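Engineer:
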(Lines of atoms letter the chains of each structure in order from A and count residues from 1; the text may use other names and numbers.)
(Lines give C-alpha, C1' and ligand atoms only; values in the text may rest on other atoms or scores of the structure.)
Protein backbone atom coordinates (compact mmCIF):
# COMPACT_ATOMS: atom_id res chain seq x y z
CA UNK A 1 0.00 0.00 0.00
CA UNK A 2 1.70 3.18 -1.18
CA UNK A 3 1.79 6.27 1.02
CA UNK A 4 -0.78 8.63 -0.50
CA UNK A 5 0.07 7.22 -3.96
CA UNK A 6 3.70 8.23 -3.44
CA UNK A 7 6.02 6.94 -6.15
CA UNK A 8 9.55 6.09 -4.95
CA UNK A 9 12.30 7.94 -6.83
CA UNK A 10 14.60 4.94 -6.83
CA UNK A 11 12.35 1.86 -6.84
CA UNK A 12 13.89 -1.56 -6.24
CA UNK A 13 11.87 -3.97 -8.35
CA UNK A 14 12.69 -7.12 -6.38
CA UNK A 15 11.69 -5.39 -3.17
CA UNK A 16 8.46 -4.12 -4.74
CA UNK A 17 7.64 -7.64 -5.92
CA UNK A 18 8.32 -8.99 -2.41
CA UNK A 19 5.99 -6.42 -0.90
CA UNK A 20 3.30 -7.22 -3.48
CA UNK A 21 3.54 -10.90 -2.52
CA UNK A 22 3.24 -10.12 1.20
CA UNK A 23 0.22 -7.89 0.57
CA UNK A 24 -1.32 -10.60 -1.60
CA UNK A 25 -0.92 -13.12 1.24
CA UNK A 26 -2.41 -10.58 3.65
CA UNK A 27 -5.57 -10.41 1.54
CA UNK A 28 -5.88 -14.19 1.25
CA UNK A 29 -9.27 -15.47 2.40
CA UNK A 30 -7.82 -18.84 3.40
CA UNK A 31 -6.13 -19.34 6.77
CA UNK A 32 -3.83 -21.77 4.96
CA UNK A 33 -2.54 -19.04 2.67
CA UNK A 34 -2.01 -19.34 -1.07
CA UNK A 35 -0.14 -21.49 -3.53
CA UNK A 36 2.48 -20.10 -5.90
CA UNK A 37 0.05 -20.59 -8.78
CA UNK A 38 -2.66 -18.58 -6.97
CA UNK A 39 -0.23 -15.77 -6.20
CA UNK A 40 0.93 -15.71 -9.81
CA UNK A 41 -2.68 -15.60 -11.00
CA UNK A 42 -3.15 -12.36 -9.06
CA UNK A 43 0.24 -10.73 -9.59
CA UNK A 44 1.52 -12.26 -12.84
CA UNK A 45 5.15 -12.12 -11.73
CA UNK A 46 6.10 -15.56 -12.96
CA UNK A 47 6.16 -18.71 -10.84
CA UNK A 48 9.96 -18.97 -10.69
CA UNK A 49 10.29 -15.37 -9.48
CA UNK A 50 7.59 -15.88 -6.85
CA UNK A 51 9.22 -19.12 -5.69
CA UNK A 52 12.64 -17.45 -5.23
CA UNK A 53 11.16 -14.52 -3.33
CA UNK A 54 9.07 -16.77 -1.08
CA UNK A 55 12.10 -18.93 -0.32
CA UNK A 56 14.02 -15.85 0.85
CA UNK A 57 11.07 -14.55 2.88
CA UNK A 58 10.75 -17.99 4.45
CA UNK A 59 14.39 -17.86 5.58
CA UNK A 60 13.57 -14.70 7.57
CA UNK A 61 10.28 -16.13 8.90
CA UNK A 62 8.29 -13.50 7.00
CA UNK A 63 6.25 -16.32 5.45
CA UNK A 64 5.43 -19.85 6.57
CA UNK A 65 4.90 -22.99 4.54
CA UNK A 66 1.41 -24.46 4.79
CA UNK A 67 -0.51 -27.35 3.28
CA UNK A 68 -1.84 -24.91 0.65
CA UNK A 69 1.45 -23.14 -0.03
CA UNK A 70 2.47 -20.06 1.95
CA UNK A 71 1.00 -17.71 4.55
CA UNK A 72 2.32 -14.70 6.45
CA UNK A 73 4.91 -15.61 9.08
CA UNK A 74 5.58 -14.62 12.68
CA UNK A 75 8.70 -12.71 11.69
CA UNK A 76 6.42 -9.90 10.55
CA UNK A 77 4.69 -9.90 13.93
CA UNK A 78 8.04 -9.67 15.72
CA UNK A 79 8.68 -6.43 13.85
CA UNK A 80 5.14 -5.05 14.08
CA UNK A 81 4.73 -5.50 17.82
CA UNK A 82 7.57 -3.10 18.66
CA UNK A 83 6.08 -0.24 16.63
CA UNK A 84 3.70 1.00 19.37
CA UNK A 85 6.58 1.00 21.86
CA UNK A 86 8.64 3.11 19.48
CA UNK A 87 5.82 5.63 19.85
CA UNK A 88 6.11 5.22 23.64
CA UNK A 89 2.97 3.09 23.70
CA UNK A 90 2.98 -0.40 25.15
CA UNK A 91 0.09 -2.78 25.71
CA UNK A 92 0.62 -2.62 29.47
CA UNK A 93 0.14 1.15 29.37
CA UNK A 94 -3.21 1.25 27.63
CA UNK A 95 -4.99 -2.11 27.80
CA UNK A 96 -6.15 -1.96 31.43
CA UNK A 97 -7.44 1.57 30.94
CA UNK A 98 -9.38 0.52 27.85
CA UNK A 99 -10.75 -2.60 29.53
CA UNK A 100 -12.03 -0.50 32.41
CA UNK A 101 -13.83 1.83 30.01
CA UNK A 102 -15.30 -1.10 28.11
CA UNK A 103 -16.59 -2.72 31.30
CA UNK A 104 -18.12 0.57 32.41
CA UNK A 105 -19.94 1.50 29.19
CA UNK A 106 -20.33 -1.98 27.66
CA UNK A 107 -19.23 -0.47 24.33
CA UNK A 108 -16.23 -0.92 22.02
CA UNK A 109 -13.09 1.04 22.92
CA UNK A 110 -10.49 1.81 20.23
CA UNK A 111 -6.95 3.16 20.26
CA UNK A 112 -5.51 4.55 17.04
CA UNK A 113 -2.23 6.09 15.91
CA UNK A 114 -1.39 8.30 12.95
CA UNK A 115 0.33 6.65 10.00
CA UNK A 116 0.92 8.28 6.62
CA UNK A 117 -2.31 10.23 6.36
CA UNK A 118 -4.51 7.60 8.00
CA UNK A 119 -5.41 6.20 11.41
CA UNK A 120 -4.27 2.68 12.26
CA UNK A 121 -6.20 0.82 14.97
CA UNK A 122 -3.62 -0.72 17.32
CA UNK A 123 -6.01 -1.98 20.00
CA UNK A 124 -9.73 -2.57 20.49
CA UNK A 125 -11.61 -3.89 23.49
CA UNK A 126 -15.07 -5.25 22.77
CA UNK A 127 -18.02 -5.80 25.13
CA UNK A 128 -19.85 -9.10 25.39
CA UNK A 129 -22.97 -8.01 23.54
CA UNK A 130 -24.40 -8.80 20.13
CA UNK A 131 -24.62 -5.32 18.57
CA UNK A 132 -21.18 -3.71 18.57
CA UNK A 133 -18.58 -2.07 16.36
CA UNK A 134 -16.77 -4.40 13.95
CA UNK A 135 -13.46 -2.51 13.67
CA UNK A 136 -10.36 -4.71 13.36
CA UNK A 137 -6.90 -4.25 14.86
CA UNK A 138 -4.57 -3.14 12.08
CA UNK A 139 -7.41 -1.55 10.13
CA UNK A 140 -6.58 1.74 8.44
CA UNK A 141 -9.23 4.46 8.54
CA UNK A 142 -9.43 7.92 6.93
CA UNK A 143 -8.71 11.00 9.01
CA UNK A 144 -11.57 13.11 7.66
CA UNK A 145 -14.43 10.67 8.37
CA UNK A 146 -13.55 9.30 11.81
CA UNK A 147 -13.45 10.72 15.32
CA UNK A 148 -9.97 9.28 15.83
CA UNK A 149 -8.81 10.85 12.59
CA UNK A 150 -10.25 14.26 13.38
CA UNK A 151 -8.13 14.36 16.53
CA UNK A 152 -5.00 14.09 14.41
CA UNK A 153 -6.31 16.56 11.82
CA UNK A 154 -6.97 19.00 14.66
CA UNK A 155 -3.25 18.91 15.47
CA UNK A 156 -2.38 19.96 11.90
CA UNK A 157 -1.83 23.55 10.84
CA UNK A 158 -4.48 25.08 8.59
CA UNK A 159 -2.12 24.72 5.63
CA UNK A 160 -1.46 21.06 6.47
CA UNK A 161 -5.20 20.36 6.56
CA UNK A 162 -5.55 22.03 3.15
CA UNK A 163 -2.69 19.91 1.76
CA UNK A 164 -4.32 16.77 3.15
CA UNK A 165 -7.62 17.62 1.44
CA UNK A 166 -5.83 18.25 -1.85
CA UNK A 167 -3.73 15.08 -1.63
CA UNK A 168 -6.41 12.53 -0.80
CA UNK A 169 -9.52 11.60 -2.74
CA UNK A 170 -12.22 12.23 -0.16
CA UNK A 171 -15.38 10.19 -0.61
CA UNK A 172 -18.72 10.75 1.04
CA UNK A 173 -18.84 7.43 2.87
CA UNK A 174 -22.26 8.33 4.27
CA UNK A 175 -24.64 11.26 3.85
CA UNK A 176 -22.98 12.94 6.85
CA UNK A 177 -19.34 12.67 5.76
CA UNK A 178 -17.57 16.04 5.64
CA UNK A 179 -15.67 16.51 2.37
CA UNK A 180 -15.78 20.31 2.17
CA UNK A 181 -12.62 22.06 3.38
CA UNK A 182 -14.34 25.05 5.00
CA UNK A 183 -16.75 22.76 6.83
CA UNK A 184 -13.79 20.73 8.09
CA UNK A 185 -12.03 23.89 9.33
CA UNK A 186 -15.16 24.65 11.36
CA UNK A 187 -15.32 21.07 12.63
CA UNK A 188 -11.66 21.07 13.69
CA UNK A 189 -12.03 24.38 15.54
CA UNK A 190 -14.82 22.73 17.49
CA UNK A 191 -12.61 19.72 18.23
CA UNK A 192 -9.86 21.98 19.60
CA UNK A 193 -12.29 24.05 21.68
CA UNK A 194 -14.26 21.18 23.20
CA UNK A 195 -11.42 18.68 23.54
CA UNK A 196 -13.17 15.81 21.81
CA UNK A 197 -14.06 14.77 18.26
CA UNK A 198 -17.33 13.27 17.09
CA UNK A 199 -18.03 10.96 14.16
CA UNK A 200 -21.80 11.22 13.87
CA UNK A 201 -22.45 8.39 11.40
CA UNK A 202 -19.83 9.91 9.07
CA UNK A 203 -17.78 6.75 8.57
CA UNK A 204 -20.48 4.13 9.00
CA UNK A 205 -24.26 4.48 9.09
CA UNK A 206 -25.71 3.62 12.48
CA UNK A 207 -22.47 4.12 14.43
CA UNK A 208 -21.41 7.15 16.48
CA UNK A 209 -17.85 7.50 17.76
CA UNK A 210 -16.35 9.93 20.24
CA UNK A 211 -12.57 10.38 20.46
CA UNK A 212 -10.08 12.27 22.61
CA UNK A 213 -6.33 12.82 22.23
CA UNK A 214 -3.53 11.03 24.08
CA UNK A 215 -0.35 13.09 24.58
CA UNK A 216 3.27 12.02 25.04
CA UNK A 217 5.99 13.52 27.26
CA UNK A 218 6.65 16.21 24.64
CA UNK A 219 3.05 17.34 24.71
CA UNK A 220 2.40 16.01 21.21
CA UNK A 221 -0.59 13.87 20.29
CA UNK A 222 0.72 10.32 20.04
CA UNK A 223 -2.59 8.46 19.86
CA UNK A 224 -6.34 8.91 20.10
CA UNK A 225 -8.85 6.88 22.09
CA UNK A 226 -12.48 6.43 21.11
CA UNK A 227 -15.74 4.81 22.10
CA UNK A 228 -18.00 3.41 19.36
CA UNK A 229 -21.72 3.29 20.14
CA UNK A 230 -24.60 2.11 17.93
CA UNK A 231 -26.99 4.97 17.14
CA UNK A 232 -29.85 3.37 19.08
CA UNK A 233 -27.86 3.38 22.33
CA UNK A 234 -26.43 6.89 21.99
CA UNK A 235 -28.30 9.44 24.10
CA UNK A 236 -27.42 12.98 25.17
CA UNK A 237 -26.93 11.77 28.73
CA UNK A 238 -24.67 8.94 27.63
CA UNK A 239 -22.68 11.28 25.39
CA UNK A 240 -21.98 13.59 28.33
CA UNK A 241 -20.76 10.71 30.47
CA UNK A 242 -18.69 9.24 27.62
CA UNK A 243 -16.86 12.53 27.07
CA UNK A 244 -16.14 12.88 30.78
CA UNK A 245 -14.84 9.32 31.29
CA UNK A 246 -13.01 9.20 27.97
CA UNK A 247 -11.11 12.40 28.76
CA UNK A 248 -10.24 11.03 32.18
CA UNK A 249 -8.95 7.76 30.70
CA UNK A 250 -6.93 9.51 27.99
CA UNK A 251 -5.35 11.81 30.56
CA UNK A 252 -4.44 8.79 32.69
CA UNK A 253 -2.65 7.26 29.70
CA UNK A 254 -1.03 10.61 28.85
CA UNK A 255 0.26 10.88 32.42
CA UNK A 256 1.71 7.38 32.10
CA UNK A 257 3.55 8.54 28.97
CA UNK A 258 5.05 11.49 30.85
CA UNK A 259 2.72 14.25 29.71
CA UNK A 260 3.17 17.34 31.89
CA UNK A 261 0.22 19.38 30.65
CA UNK A 262 -2.62 20.64 32.77
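In the working numbering, the protein residues as written are 428 to 689.
The beta carbon of each residue, even a glycine, is placed where N, CA and C say it ideally should be.
This structure is a prediction, so every number in the text was calculated from the model and none was measured.
Check whether the Cβ atoms of residue 633 and residue 612 lie closer than 7 Å to each other.
Structural biologist: No.
Engineer: For residue 577, which residues from the same chain have a beta carbon less than 6 Å from its beta carbon, with the 5 sequence-adjacent residues on both sides left out?
Structural biologist: Taken in chain order, the residues that qualify are 618 and 624.
Engineer: Out of 436, 492 and 443, state which residue places its alpha-carbon closest to the alpha-carbon of residue 462.
Structural biologist: Residue 492 is the option with its Cα nearest to residue 462.
Engineer: Do we get a CB-CB distance below 7 Å when we pair residue 656 with the residues of chain D?
Structural biologist: The question asks about chain D, but that chain is absent: this structure has only one protein chain.
Engineer: Helix, strand or coil for residue 550, going by three-state DSSP, please let me know.
Structural biologist: Residue state, collapsed to three classes: strand.
Engineer: When burial is assigned at 16 or more other CB atoms within 10 Å of the CB, is residue 565 buried or exposed?
Structural biologist: Exposed, by the Cβ-count rule.
Engineer: From this set, 661, 473 and 450, which residue's C-alpha is nearest residue 500's C-alpha?
Structural biologist: Considering only alpha carbons, the answer is 450.
Engineer: Nearest to residue 593 by alpha carbon, out of 599, 607 and 548?
Structural biologist: Nearest of 599, 607 and 548 to residue 593, Cα basis: 607.
Engineer: Output the residue ranges of the beta strand (DSSP E) runs that lie fully inside the stretch 568 to 631 and measure 3 residues or longer, sorted by chain position.
Structural biologist: Those beta strand (DSSP E) runs which fall completely within the stretch 568 to 631 and span 3+ residues are 624 to 627.
Engineer: So, with DSSP's three-state summary, where would you put residue 649?
Structural biologist: Note: residue 649 maps to strand in three-state DSSP.
Engineer: Taking 8 Å as the limit between beta carbons, can you name the residues of its chain near residue 458, skipping five residues before and five after?
Structural biologist: The residues are 498.
Engineer: When DSSP labels each residue in this structure, what does residue 535 get in the three-state scheme?
Structural biologist: Of the three classes helix, strand and coil, the one that applies to residue 535 here is strand, per DSSP.
Engineer: So what's residue 528 in DSSP terms, helix, strand or just coil?
Structural biologist: Helix at residue 528.
Engineer: In the DSSP output, what is residue 638 paired with across the bridge?
Structural biologist: Note: residue 638 sits in a beta bridge opposite 624 and 653.
Engineer: In its own chain, which residues sit with a C-beta less than 7 Å from the C-beta of residue 466, not counting the 5 before and 5 after it?
Structural biologist: Excluding sequence neighbours, residue 466 sits near 448, 451 and 477.
Engineer: Exposed or buried, which one is residue 442 when buried takes at least 16 other CB atoms within 10 Å?
Structural biologist: Residue 442 comes out exposed.
Engineer: Compare the Cα-Cα distances from residue 630 to each of 616, 620, 621 and 602 and report the closest residue.
Structural biologist: Looking at the Cα atoms, 602 is the closest of the given residues.
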